[in-house]
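In our numbering, the protein residues as written are 42 to 292.
Since the structure comes first, as structure tokens, the remarks are kept for the end.
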């Protein structure tokens, strides 16, 4: 895709690592100003410094998206100036404890996953929507998961909250369809992050055997797709969950 128009500012939640870091770096290389947000504030700052060193524009803030009161001053600072915010990419998410059948799931752990994966997604969207509504433009993207479409055994909390996120995006997309704001999701299968690279080969093979392409997705592939979804070019799709699964879930 071509570069973003100037100015164009994108906030990336979960920018310190993985898909968020790859996305922040890519959109910055294409002319967007990036606001790097992460619970790991030092990690977010490191990504921002790398972007600046490469000639891009970036800033960073530590944020806990599950804590409404604590994050509000951060959003006030981001949105309070003259700089418009054009896009929000929310990559924050946790799996919680895994390899457990449903009867063994700890409700406290389920609640912790819910607070990040669903409530946090709602709160960051609510934070930016009034600003975008004032400008009749916005692009919001949440990272869901193939688990939210098909369910992963032993991952009750993660599968349920990612499915809930997909449903929330469907509703939100319709709510704002006439405003110039699009709200979408992306459902990746397993992506080759440092965490996946450190897994035993047998475990990775178990996951990729379910993918018709028989491989992991690459961070660059995720970032490229995200960059297009939050660009002006993606203007007639909202409430949709894009597939990034190598053919595993073609719906």
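Cβ coordinates follow ideal geometry from the N, Cα and C atoms, glycine included.
This one's a predicted model, so the numbers in the text were calculated from it and none came from an experiment.
Taking the beta carbon of residue i as the centre, do at least 16 other beta carbons fall within 10 Å, making it buried, or is it exposed?
i	result
residue 277	exposed
residue 229	buried
residue 261	exposed
residue 213	buried
residue 144	exposed
residue 158	buried
residue 258	buried
residue 225	buried
residue 292	exposed
residue 95	exposed
residue 254	exposed
residue 43	exposed
Would you tell me roughly how many angstroms separate the C-alpha atoms of residue i and residue j, rounded to the nearest one?
i	j	result
residue 92	residue 142	42 Å
residue 140	residue 195	4 Å
residue 51	residue 135	22 Å
residue 232	residue 247	14 Å
residue 215	residue 242	42 Å
If you drop the 5 nearest sequence neighbours on each side, which residues of the same chain put their C-beta closer than 7 Å to that of residue i?
i	result
residue 56	62, 65, 77, 78, 79, 85 and 88
With a threshold of 6 Å on Cβ separation, who are the neighbours of residue i within its own chain once the five nearest residues in sequence on each side are excluded?
i	result
residue 103	82
residue 116	168
Since I believe residue j is in contact with residue i (beta carbons under 8 Å), could you give me their beta-carbon distance rounded to a whole number of angstroms?
i	j	result
residue 182	residue 237	Not quite, the Cβ-Cβ distance comes to about 22 Å (not below 8 Å), so this is no contact.
residue 198	residue 154	4 Å
residue 127	residue 49	5 Å
residue 54	residue 210	Not confirmed; about 15 Å, so no contact.
To which residues of the same chain is residue i closer than 8 Å at the C-beta, ignoring the five residues directly before and after it?
i	result
residue 206	158, 159, 162, 183, 185, 189 and 226
Practice task
Output the residue ranges of the beta strand (DSSP E) runs that lie fully inside the stretch 154-197 and measure 3 residues or longer, sorted by chain position.
Solution key: 179-184
Handout entry: Those runs of the beta strand (DSSP E) which lie wholly inside the stretch 53-133 and span at least 3 residues
Key = 74-79, 99-103 and 128-131
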